[in-house]
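Okay, structure first, notes after.
Protein chains: 2
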Amino acid sequence: MGVSTSIPKGTRDFGPVEMIRRNYIFDIIRTVFRKYGYLPIETPAMENLTTLLGKYGEEGDKLLFKVLNSGDYLSKSNQHNLENITSGALTQLITKKGLRYDLTVPFARYVVQHRAEITFPFKRFQIQPVWRADNPQKGRYREFYQCDVDVIGSDSLFNEYELIQIINCVFSELGIRNIIKVNNRKILLGIAEILKEDKRFIDITKAIDKLEKIGIEGVNREMEQKGVSGNAIDKLQPILFLEGDTNTKLGKLKEILKNSVIGIEGVKEMETLFSYINLASLKSIVELDLTLARGLNYYTGAIIEVKATDHQIGSLCGGGRYDDLTSIFGLKGVSGVGVSFGAERIYDVMQILDLFPGKGEENVDIMFVNFGSNEECYSIKALTKLWKAKGISAGLYPDPIKIKKQMAYANTMNISFVAFAGEDEEKKGVITFKKMVSGDESKVRISNIIGDVRKLMKD
Amino acid sequence: MGVSTSIPKGTRDFGPVEMIRRNYIFDIIRTVFRKYGYLPIETPAMENLTTLLGKYGEEGDKLLFKVLNSGDYLSKSNQHNLENITSGALTQLITKKGLRYDLTVPFARYVVQHRAEITFPFKRFQIQPVWRADNPQKGRYREFYQCDVDVIGSDSLFNEYELIQIINCVFSELGIRNIIKVNNRKILLGIAEILKEDKRFIDITKAIDKLEKIGIEGVNREMEQKGVSGNAIDKLQPILFLEGDTNTKLGKLKEILKNSVIGIEGVKEMETLFSYINLASLKSIVELDLTLARGLNYYTGAIIEVKATDHQIGSLCGGGRYDDLTSIFGLKGVSGVGVSFGAERIYDVMQILDLFPGKGEENVDIMFVNFGSNEECYSIKALTKLWKAKGISAGLYPDPIKIKKQMAYANTMNISFVAFAGEDEEKKGVITFKKMVSGDESKVRISNIIGDVRKLMKD
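Taken in sequence, the protein lines are chains A and B. FYI, the working numbering numbers position 243 of the first sequence as 243, with every residue one higher than the one before it. Add 1000 to a position in the second sequence, counting from 1, and you land on the number used in the working numbering.
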């Protein structure tokens, strides 16, 4: 062998079967987004580092892939003394661009940059890969797709309802049974207020966000370490695990939070949202989950997370309302709400639960056998006619190798019909079609090849 | 304003209108590729630099975007003495990955890496962005899409015919009138042989490749500078500009090249290919163009290039046969042939010739007016019913702002119908639909909203 043919760790090649399955997921998501009136945008893979740095915390900055400046970048950097320079200082000197880390920050940048052309409320979706220099492990990659849908420039709770409808529609079309968990950062802030720990709100939400990973003891330990008082932690427990249906929980919360203006605001928002949800009959189960916190600090209102019912795998979709995302780029007072579907986890769940539609999507309908140069003209004539038919995929085996080998190829490739256009067939003006799954053979007239083949394919 | 919101030079944001037009092009190309039996693959944006370097010439190496190693890369590089280091030496020390420069080299890498799983002949297509640190100028970007279609593992000329059919089909569906120019590197090599300049074959083809840019005088001057004899240059002129139709040209070439084995082989290949082409009636004009050379050295047989008839813009698609592409990764003797469609140029031609389908693709079908919290339940009920209908896109204006402003929004967004579900309508169990283009109003029954709306949309 010559040069190594490996690819960078954490990245993947997608072969035809994976691609067709991935496109199946993306097509459904895209169609649902369009149906609900969202329009596509795309942003470049590379963003200026000034756009990306400082938006994902210190850890996130480290996980950004940075792109080396072009040309003789050292001479351009006006600093030749690199003796004893640190990696960090050198990076600043020789990189200006990075690969996007998510679709949220590029979207915020997009909205600010194009605000003069955009008609608000702006309903957009974006399906593109993102890159993170994370340590690769099962289900975690360095290149992966996100499917984001957001509406920006409206603070109506109707948008939250619409997103829940979108989630319901996407997963229902994909066939994934699911629970949509909803909470509100205002309720969490209200709880922190009545516990007199509003200064440690971020610490509390970050701890609660880990509930699934580290259990309630772990959450309590982390809050304690961050300085949350034992009294507050004790008082928090029964609130986090309030029992009953959503209405009951909201009723109890109203009582608990009666002295917190922001908390009551959160409860009222949830009441409105659930009043909308109750107008529809959804396949998804929607429930208020007070332990849902979402780690990201830019969420300011409703937060949403989706789990598969039939397989434990972390969330398939998540998001929430952000009141001030674009302010990092200087545009204040623009509220938005959105969710992001994780294509890789959805793929894994569908694979595990065997939810992809059967074979038939990825194969070719018809393969003509190649009998060699004497007969090929007749095959090519027939095939060229067939190519004019919409929705039929067809080809000729390109080389006149042994018929047995050609049939083996057709088998491996899951070809539906093999067509024989030999000397005999040419004389009679027909083509023999063999249905591979049954072995049944039929004659098709070349004069009516499209019609006859369509009939065959329906049978 | 806060932080700058610019993006790296040579890159672009795509807004909804551009996206829908770009997807229109990609969808047609993808559907045609599938119809002809080609299957999708995708490769990672980043490849190891060992895969990319040395494949695109010295100039190409410079145009690769290189990605900085992660973490404390200097300490990992085992070399702390960076004093007086050059940019080139430093790059070797601190980068291992680069962004893909085209789809051909990653495809060759893919074929070699996955050769055990692949059933040959392997018919694949790939539609992904590529990155080049070229100087941006009109129509030339640092991030742009390529749409490659190749069959590898077969040397049958039927594959070339199939690609010409694909080209014909794609441009016919897009509505772009075009000429497919075909030539054969073996014919060019034969010509070099009979001119006794086969050692300068690459110089000759590189010069001829510039014909359009620098004219025949320029080409001759360049050949002279490269050491091609005056006698050879003189003899070349009438051959390059042979007159007559393809058959006539091939006949004359047979005579001219009778002493070149490889040249006659090229002529015979073209005879076979044109005998296939003559079986079909194509919208594209296909012609043998002896001045077509294609700069890339890996082409060994047929070469193909497509030009728009109605607008001069360089080639919209190009490619050819390569007999040994995978040998750079250690897999020898695998012949392939493929073409690449340039999405950006196709977009530009379609824009200039006004070939995109009219508005109607990018807009939302229905927008409910928001009358405020008293009426919103009725609107949401109606909308929620409508969302169950396949192929209808609909929404509610999320905020109860002035009706006039909501109507202005509907106008700007090219919404087809505005729906009014007010108090009056609720009493009667109807919704008023206003067709925006005509101003016509109709009542729709909420009990049969989907059927009634479908009827409205058809009118």
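Cβ atoms here follow ideal geometry from the backbone N, Cα and C, with glycine treated the same way.
- Item | Element boundaries [alpha helix (DSSP H), containing M1019 of chain B] | 1016 to 1035
- Item | DSSP-derived helix/strand/coil call for M1367 of chain B | Residue state, collapsed to three classes: strand.
- Quick one: Cα of S87 of chain A to Cα of M46 of chain A, how far? Distance between the alpha carbons of S87 of chain A and M46 of chain A is about 21 angstroms.
- Query: With a CB to CB cut of under 6 angstroms and the five nearest residues on each side skipped, what residues in its chain are close to S379 of chain A?
  - Reply: F368, L396, A421
- Query: What residues in its chain sit with their C-beta under 7 angstroms from that of V130 of chain A, if we drop five residues either side in the sequence?
  - Reply: R100, Y101, D102, L103, F144, Q146
- Message: Can you give me the C-alpha to C-alpha distance between E1224 of chain B and G1295 of chain B, rounded to a whole angstrom?
- Response: Distance between the alpha carbons of E1224 of chain B and G1295 of chain B is about 18 angstroms.
- Query: Which bits of chain A does C1377 of chain B rub up against, with CB to CB less than 9 angstroms?
  - Reply: S275, Y276, L279, listed in chain order.
- Query: How would you label E1117 of chain B, buried or exposed, when you count the other beta carbons within 10 angstroms and need 16 or more for buried?
  - Reply: exposed
- Would you mind telling me which residues of chain A sit closer than 7 angstroms to S1156 of chain B, beta carbon to beta carbon, in chain order? Residues of chain A passing the Cβ test: P398, D399.
- Message: Between the alpha carbons of I1285 of chain B and I1179 of chain B, how many angstroms are there, rounded?
- Response: 5 angstroms
- Item | For K390 of chain A, the three-state DSSP class (helix, strand or coil) | Of the three classes helix, strand and coil, the one that applies to K390 of chain A here is coil, per DSSP.
- Message: Considering Cα atoms alone, identify which of A:A280, A:I446, A:K435 is closest to L456 of chain A.
- Response: A:K435
- Query: Just how far apart, CA to CA, sit Y24 of chain A and I152 of chain A?
  - Reply: 28 angstroms
- Message: Rounded to the nearest angstrom, what separates F7 of chain A and N1048 of chain B at their Cα positions?
- Response: The amino acid occupying residue 7 of chain A in the given sequence is Ile; Phe does not appear at that position. Roughly 6 angstroms separates the two Cα atoms.
- Task: Let me know the secondary structure DSSP gives R1345 of chain B once reduced to three states.
- Result: Judged by DSSP in its simplified three-state form, R1345 of chain B adopts helix.
- State yes or no: is the beta carbon of Y24 of chain A nearer than 7 angstroms to at least one beta carbon in chain B? no
- Going along the stretch 234 to 257 of chain A in order, which residues come within less than 8 angstroms of chain B, judged by CB to CB distance? none
- Item | Where the stretch 1096 to 1113 of chain B meets chain A: residues whose CB sits under 7 angstroms from a CB there | K1097, R1109, Y1110, V1112, Q1113
- Message: Please confirm whether D1013 of chain B has its beta-carbon closer than 7 angstroms to some beta-carbon of chain A.
- Response: yes
- Task: Please list the segments of the beta strand (DSSP E) lying wholly inside the stretch 219 to 307 of chain A, counting only runs of 3 or more residues, in order along the chain.
- Result: Runs found: 285 to 288.
- Message: Give me, in chain order, the residues of the same chain whose beta-carbon lies closer than 6 angstroms to that of S260 of chain A; leave out the 5 immediate sequence neighbours on both sides.
- Response: G190, E193, I194
- Query: Under a three-way DSSP split, which group does R1100 of chain B fall into?
  - Reply: coil
- K199 of chain A, DSSP secondary structure in three states: Taken through DSSP and simplified to helix, strand or coil, K199 of chain A comes out as helix.
- Please confirm if I166 of chain A has its CB atom under 7 angstroms from at least one CB of chain B. no
- Query: Does the distance from the C-beta atom of Y1276 of chain B to that of R1185 of chain B stay below 7 angstroms?
  - Reply: no
- Report yes or no: is there a C-beta of chain A within less than 7 angstroms of the C-beta of Y1073 of chain B? yes
- Message: For G1338 of chain B, list the residues DSSP reports as bridge partners.
- Response: B:D1150, B:G1320
- Note down, in chain order, every chain E residue with its Cβ under 7 angstroms from the Cβ of S6 of chain A. The structure shown contains no chain E; its protein chains are A and B.
- Message: Residues of chain A with CB closer than 7 angstroms to the CB of F1159 of chain B, please, in chain order.
- Response: Note on identity: in this sequence residue 1159 of chain B is Asn, with Phe being the wrong assignment. Ordered by position in chain A, the residues that pass the 7 angstroms Cβ test against N1159 of chain B are P398.
- Beta-carbon spacing of L1253 of chain B, K1181 of chain B below 7 angstroms: Taking 7 angstroms as the cut-off, the beta carbon of L1253 of chain B is found no closer than this to the beta carbon of K1181 of chain B.
- Item | Rounded separation between L188 of chain A and V219 of chain A - CA only | The alpha-carbon separation between L188 of chain A and V219 of chain A amounts to approximately 15 angstroms.
- CB contact flag (V339 of chain A, L163 of chain A, <7 angstroms): yes
- Query: Is there at least one Cβ from chain B nearer than 7 angstroms to R34 of chain A's Cβ?
  - Reply: yes
- Mind checking if F1065 of chain B is an interface residue toward chain A, Cβ cutoff 7 angstroms exclusive? yes
- So, does the CB of T1369 of chain B fall closer than 7 angstroms to a CB anywhere in chain A? Correcting the residue identity first, residue 1369 of chain B is Val in this sequence and not Thr. False, the Cβ-Cβ gap to chain A never drops below 7 angstroms.
- Item | Contact the stretch 1340 to 1358 of chain B vs the stretch 1022 to 1039 of chain B: 3+ CB pairs below 8 angstroms | Two segments are said to touch when three or more pairs of C-beta atoms, one from each, lie closer than 8 angstroms; by this definition the stretch 1340 to 1358 of chain B touches the stretch 1022 to 1039 of chain B.
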